[in-house]
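Below: one structure, written as structure tokens.
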């Protein structure tokens with residue numbers, strides 16, 4: 001009996017020892033698996049943090065996550081500014097399948113649930129969730145699903161999506177824990193990459209701004225400056241095309257264009273739009289504002305910013321991406337606006353340069369006018385007086401006549417120089433009477449033959465009141481029109497003289513003006529002359545032709 005009892009105890013002890021050894025082995029296996037999993041997580045974290053460029057960092061995150069939880073497919077959806085996805089980085093789908101699938105996910109259905117409620121989701125069968133909207137045609141089958149948010153400083157940057165655990169099983173709670181740990185490390189890596197990207201971006205922006213300022217200070221043309229602004233805006237913002245539109249009256253003109261198909265729209269005039277105000281606009285499509293006027297660009301999303309100058313809105317700067325590209329983010333607007341400020345500066349700089357050149361010209365004209373008045377006219381006048389004094393000593397009639405003619409020519413030269421001086425000062429006044437009268441001659445004569453000869457003397461722009469100037473313009477237009485249209489003249493001479501009276505004379509060598517036309521066409525001018533206290537004379541010349549004289553006294 002004792003032998004049987006001791007044998008049972010030995011068997012029981014052996015059984016317990018086997019169980020203990022099995023449990024120890026199981027624990028050791030679990031420890032080894034946990035160690036391997038932790039090592040895998042550590043390797044994944046190191047892989048994710050090994051790059052400082054954002055695009056490569058995102059790709060590394062997706063690959064490391066899929067390897068860590070043994071997923072066949074993996075993706076990282078980056079949140080955009082409109083509750084959708086601005087970027088979708090994926091692995092596991094080949095190029096042929098991707099082409100057949102059509103557009104990438106945009107953040108609807110189950111993916112949208114993670115966007116609006118960023119909490120981990122683990123499913124054995126993806127299609128069983130109420131938020132699932134199914135797959136597009138030619139999409140590979142997917143069942144198991146694990147999604148976790150990626151946060152950067154408590155802000156959701158995007159979401160990791162893992163599907164189809166290898167072996168056909170479902171993702172475990174341990175997979176979720178590991179993926180959440182990787183997502184935390186990924187957030188740090190993304191932040192570092194974004195900081196690096198911003199520093200690189202700021203460096204490019206500073207270089208572009210410095211280059212533009214250097215070109216402006218170097219005296220480049222406004223066209224070259226605007227083209228440089230468009231090119232650097234294109235490069236720094238990563239746009240497909242960039243345009244500088246200049247405001248011209250009630251329309252816009254493409255003053256500079258860079259990027260895709262820019263040569264097709266350079267110099268194009270387009271209708272003005274409501275965007276020409278102080279508010280920058282982020283557009284889903286460039287056609288929202290410009291219709292099909294810039295369709296040649298092949299542009300989609302765009303940012304439109306006004307060029308604000310001291311005199312108001314000088315135009316627009318447009319940065320556009322290609323059709324189907326993601327929309328610009330609000331953070332992109334200040335960048336485009338900074339280049340718009342550079343373009344506005346170029347416009348103001350060009351305007352100031354033009355004003356300075358005009359001041360230089362006016363100063364030069366003043367100098368010339370002073371020299372003519374103080375030196376040339378005085379010398380000619382002194383010479384004329386000297387010759388007139390010499391006339392008393394000349395007894396030969398022929399010589400006396402020649403000297404008298406020379407004195408008369410000197411007087412005529414002095415009058416012409418004085419007219420030139422008035423011309424120089426009149427050009428400073430912009431739209432002067434002298435300029436308007438010359439414009440009427442050019443307008444009425446057109447390209448016909450003969451071209452009228454014009455002589456204007458006296459202070460036309462300074463002593464003729466505005467009320468008389470209006471009548472004078474009408475008188476010249478009517479008198480010259482009659483000569484051009486009806487006289488069939490070979491020569492037409494227009495003389496305008498402002499002394500005690502304002503006298504406008506039109507002399508032609510034609511066939512004369514019909515009497516009926518003279519009575520009907522000149523009655524209005526006679527009334528204008530009487531209103532100013534003057535008169536009108538129309539008569540035939542002994543040698544042929546007609547002389548038209550409109551005369552009014554000046555106050």
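In the UniProt record's numbering, the protein residues as written are 1 to 555. Cβ coordinates follow ideal geometry from the N, Cα and C atoms, glycine included.
- Ranking 61, 79, 153 by CA distance to the CA of residue 73 puts 61 first.
- Close CB contacts of residue 253 within its chain, under the 6 Å cut and outside five residues either way in sequence, are with 246, 269 (chain order).
- Residue 136 sits in coil when the DSSP states are folded into three classes, being neither helix nor strand.
- Annotation for residue 197: the continuous alpha helix (DSSP H) segment containing it runs 173-217.
- Taking C-beta separations shorter than 6 Å and ignoring five residues to either side along the sequence, the partners of residue 533 in its chain run 553, following chain order.
- Your pair residue 450 and residue 492 checks out as a contact, with CB atoms roughly 6 Å apart and the cut at 8 Å.
- The C-beta distance from residue 162 to residue 71 rounds to 4 Å, short enough to meet the 8 Å contact threshold.
- Taken through DSSP and simplified to helix, strand or coil, residue 302 comes out as strand.
- Annotated as proximal: residue 460 and residue 502, with beta-carbon spacing under 9 Å.
- When DSSP states are grouped into helix, strand and coil, residue 169 belongs to the coil group.
- Judged by their CB atoms, residue 236 and residue 257 are not nearer to each other than the 9 Å cut-off.
- When the Cα atoms are used, residue 544 and residue 509 turn out to be separated by approximately 6 Å.
- Each of 555, 249, 342 was checked against the Cα of residue 307, and the nearest Cα belongs to 342.
- The Cβ atoms of residue 312 and residue 255 lie no closer than 9 Å to each other.
- Between the C-alpha atoms of residue 113 and residue 147 there is a straight-line separation of about 10 Å.
- With three or more CB-CB distances shorter than 8 Å, the stretch 315-327 counts as touching the stretch 288-305.
- For residue 55, the enclosing alpha helix (DSSP H) has its first and last residue at 54-69.
- For the pair residue 437 and residue 349, the Cα-to-Cα distance works out to about 34 Å.
- Out of 138, 121, 159, the CA that lies nearest to the CA of residue 106 is found in 159.
- Assigned with DSSP and collapsed to three states, residue 260 falls in coil, not helix or strand.
- Around residue 251, the same chain offers 269, 270, 271, 272 as residues with beta carbons nearer than 8 Å, after the five sequence neighbours per side are excluded.
- Membership of residue 478 in the alpha helix (DSSP H) is indicated by the continuous run 466-486.
- Residue 153 carries a coil assignment under DSSP once its states are collapsed to helix, strand and coil.
- For the set 93, 165, 402, the Cα lying nearest the Cα of residue 125 is the one of 165.
- Within the same chain, and ignoring the five residues on either side of residue 80 in sequence, the residues whose Cβ sits closer than 6 Å to its Cβ are 86.
- Burial state of residue 305 is buried, judged by a 10 Å Cβ sphere holding 16 or more other Cβ atoms.
- For residue 555, the number of other beta carbons within 10 angstroms of its own is below 16, and it is reported as exposed.
- Around the beta-carbon of residue 198, fewer than 16 other beta-carbon atoms lie within 10 Å, marking it exposed.
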